[in-house]
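If you read the sequences in order, they're chains H and S. When the first sequence is numbered by full-length UniProt numbering, its final residue is 138 and no position is left out of the sequence of numbers. When the second sequence is numbered by full-length UniProt numbering, its final residue is 184 and no position is left out of the sequence of numbers. What follows is a short report on a single structure.
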Amino acid sequence: MADITLGSRADEVPMAGMLADMLKANLEKPAKMKIFNSLKTTVYLYAEDADAGMTMDFDKGKLVVYGGKEGKPKLEIATDAATLLELANLKIKMGMPYYFDATGRGVLKKLMKRQLKIKGMFGHPIALTKVTKVMSIN
Amino acid sequence: MALAYGTDEWLQEYNKLVEEGLSTGQPFIIGLPEWVSTYEKLVQADEPYKAAAKTWEGSVVLHILAKPDIGIDRDIYIFMDLWHGDANYFRLVPPEVGEAGAFVITGEYERWKQVINKELETTKGLMQGKLKLKGDLPTIVRAVKAAVRLVELSGMIDTAFPDENPEAPQKIREVLAKAEQLGI
Numbered sequence: 001m002a003d004i005t006l007g008s009r010a011d012e013v014p015m016a017g018m019l020a021d022m023l024k025a026n027l028e029k030p031a032k033m034k035i036f037n038s039l040k041t042t043v044y045l046y047a048e049d050a051d052a053g054m055t056m057d058f059d060k061g062k063l064v065v066y067g068g069k070e071g072k073p074k075l076e077i078a079t080d081a082a083t084l085l086e087l088a089n090l091k092i093k094m095g096m097p098y099y100f101d102a103t104g105r106g107v108l109k110k111l112m113k114r115q116l117k118i119k120g121m122f123g124h125p126i127a128l129t130k131v132t133k134v135m136s137i138n
Numbered sequence: 001m002a003l004a005y006g007t008d009e010w011l012q013e014y015n016k017l018v019e020e021g022l023s024t025g026q027p028f029i030i031g032l033p034e035w036v037s038t039y040e041k042l043v044q045a046d047e048p049y050k051a052a053a054k055t056w057e058g059s060v061v062l063h064i065l066a067k068p069d070i071g072i073d074r075d076i077y078i079f080m081d082l083w084h085g086d087a088n089y090f091r092l093v094p095p096e097v098g099e100a101g102a103f104v105i106t107g108e109y110e111r112w113k114q115v116i117n118k119e120l121e122t123t124k125g126l127m128q129g130k131l132k133l134k135g136d137l138p139t140i141v142r143a144v145k146a147a148v149r150l151v152e153l154s155g156m157i158d159t160a161f162p163d164e165n166p167e168a169p170q171k172i173r174e175v176l177a178k179a180e181q182l183g184i
């Protein structure tokens, strides 16, 4: 079972508990667990319309989820709540996030229109890919 | 003693409540049997919902928490039996049936009013904790388009809100009193 714990203020941000639960369910799949065990990065997710944010601190097989922004995350993803969940709907093909179906194209379109902002995507592309794979429910 | 849920007798009595309510004409008060029945018909006839929910399996329950000052003296559970794009039936159910639904979304009356009026997007409400989900989140995420369409359709019902209508609390109490024999 994945080592996921809730850190400070996580209990004040319902989104943190929701996404932590989703991640726990994802990590029941061995392929995702393998990626999780190799992932070391920090990600800040911010749902702009809900004004809710959370930080995920991945440390090679361990994850602490914080409410709000904690430390200096390497990746920062900001968009509306529905799009954050859409990101979890991205398909993974050949070990990579797949952007050529309706969900993938929708995500790309939002990136272009700046409705989805990802800070650190060029500086930490591998971490971003791994996070996407771990978060994807597919 | 309340009739046993799901029996023919139960269904007959429930349908009577629906017919009585429908005969009063729109707008219908949120959460009453006639409102639920109107919602059911809308979803059953909706092609975009059918297309988006092709793979959906499982019941969804909308749980409206009690708010006695507007006549909602006890919690209301709207059970939606949904399967592969079909809306088999929507109806009010006893609490134990509602709580056993595959997915239960719980919120205060004000939140549901906001959802119907498109002032609160469901996902946002869940992330803010204004609505609470019981059930497997990844399954909902996979069917997010169907869920969004379901919510959109609820906004198409000509709805009366009890906090805006001085006669509504009394009407709700009357219906809930009749529904008591159904365990609702």
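Heads up, the beta-carbon is just placed ideally off N, CA and C, and yes, glycines get one too.
### Task
Could you say if the region 125 to 133 of chain S and the region 104 to 113 of chain S meet the contact criterion of at least three C-beta pairs nearer than 8 Å?
yes
### Message
Assuming H/Tyr98 and H/Ile92 are in contact, meaning their beta carbons sit under 8 Å apart, how far apart are those beta carbons, in whole angstroms?
### Response
6 Å
### Query
In chain S, which residues lie with their C-beta within 8 Å of the C-beta of residue 144 of chain H?
Outside the shown range of chain H (1 to 138) lies residue 144 of chain H, about which nothing can therefore be said.
### Task
Under 8 Å Cβ to Cβ from H/Gly71, same chain only, skipping five residues before and after it: list those, please.
Thr42, Thr55 and Asp57
### Task
Check the DSSP bridge columns for H/Ala78 and list the partner residues they point to.
H/Tyr46 and H/Lys117
### Query
In or out: residue 184 of chain H buried (at least 16 other Cβ within 10 Å) or exposed?
Residue 184 of chain H lies beyond the stretch modelled for chain H, which goes from 1 to 138, so this question has no answer here.
### Query
With a cut-off of 8 Å, does the C-beta of H/Met33 fall near any C-beta of chain S?
Using a Cβ-Cβ cut-off of 8 Å, H/Met33 does not count as an interface residue toward chain S, since no Cβ of chain S sits closer than that to its own.
### Message
Under DSSP, the alpha helix (DSSP H) around H/Leu19 begins and ends at which residues?
### Response
Pro14 to Asn26
### Message
Using a Cβ-Cβ cutoff of less than 8 Å, which residues in the same chain neighbour S/Gln44 once the five nearest sequence positions on both sides are dropped?
### Response
Result list for S/Gln44: Asp86 and Ala87, in chain order.
#### Entry: Cα-Cα separation between S/Ile64 and H/Ala102, rounded to whole angstroms
One C-alpha to the other measures close to 34 Å.
### Query
Can you tell me the Cα-Cα spacing of S/Asn15 and S/Glu40, whole angstroms?
13 Å
### Query
At what residues does the alpha helix (DSSP H) containing S/Trp83 begin and finish?
Looking at the DSSP string, S/Trp83 is not in any alpha helix (DSSP H); the run it does join, the beta strand (DSSP E), is Ile76 to Trp83.
### Query
Are the region 106 to 114 of chain H and the region 33 to 42 of chain H touching, with three or more C-beta to C-beta distances below 8 Å?
Contact check between the region 106 to 114 of chain H and the region 33 to 42 of chain H: fewer than three CB pairs, one atom from each, fall below 8 Å, which does not count as touching.
### Task
Determine which residues of the region 144 to 163 of chain S have a Cβ less than 8 Å from any Cβ of chain H, and write them out in chain order.
Val144 and Val148
### Query
Does S/Thr24 get closer than 8 Å to chain H when you measure Cβ to Cβ?
no
### Query
What are the boundary residues of the alpha helix (DSSP H) that includes H/Phe36?
Note, H/Phe36: alpha helix (DSSP H), Pro30 to Ser38.
### Task
State the CB to CB distance for the pair S/Gly31 and S/Ile78, rounded to an integer number of angstroms; the pair is presumed to be in contact (CB under 8 Å).
At roughly 7 Å, the Cβ-Cβ gap stays under 8 Å, so S/Gly31 and S/Ile78 are in contact.
### Query
For S/Glu119, which three-state DSSP category applies?
coil
### Query
So what does H/Gly53 bridge to, in DSSP terms?
H/Tyr46
### Message
So the candidates are H/Ser8, H/Ser136 and H/Ile4; which of them puts its Cα closest to the Cα of H/Thr83?
### Response
H/Ser136
### Same chain only: Cβ atoms within 8 Å of residue 208 of chain S, ignoring 5 sequence neighbours per side
Nothing in the structure corresponds to residue 208 of chain S, since chain S is present only between 1 and 184.
#### Entry: Interface partners of S/Lys41 on chain A, CB under 9 Å
In summary, chain A is missing from the structure at hand, where the protein chains are H and S.
#### Entry: Cβ separation of S/Val144 and H/Leu45, assumed to be a contact under 8 Å, to the nearest whole Å
Not really, about 17 Å apart at Cβ, beyond 8 Å.
### Query
Grouping DSSP H, G and I as helix and E and B as strand, with all else coil, what is S/Val93?
coil
### Query
If you drop the 5 nearest sequence neighbours on each side, which residues of the same chain put their C-beta closer than 7 Å to that of S/Gly101?
Ser59, Val60, Val61 and Phe79
### Query
Under 8 Å between C-beta atoms, does H/Leu85 make it to chain S?
yes
### Message
Excluding the 5 residues flanking S/Gln170 on each side, which residues of the same chain have their C-beta closer than 7 Å to its C-beta?
### Response
Scanning its chain for C-beta atoms nearer than 7 Å, with the 5 sequence neighbours on each side dropped, one finds around S/Gln170 the residues Gly71, in chain order.
### S/Asp69 burial status per 10 Å Cβ neighbour count (16 or more: buried)
By the 10 Å Cβ count, S/Asp69 comes out exposed.
### Task
Consider the Cβ of S/Glu12: report whether some Cβ of chain H lies at a distance smaller than 8 Å.
According to the sequence shown, residue 12 of chain S is Gln rather than Glu. For S/Gln12, no Cβ of chain H is located within less than 8 Å of the residue's own Cβ.
### Query
Run through DSSP, which three-state label would H/Ala127 get?
helix
### Query
What's the C-alpha gap between S/Gln26 and S/Lys50?
26 Å
### Interfacial residues, the region 115 to 129 of chain S to chain H, with Cβ spacing under 7 Å
Glu121, Thr123, Lys124, Leu126, Met127, Gln128 and Gly129
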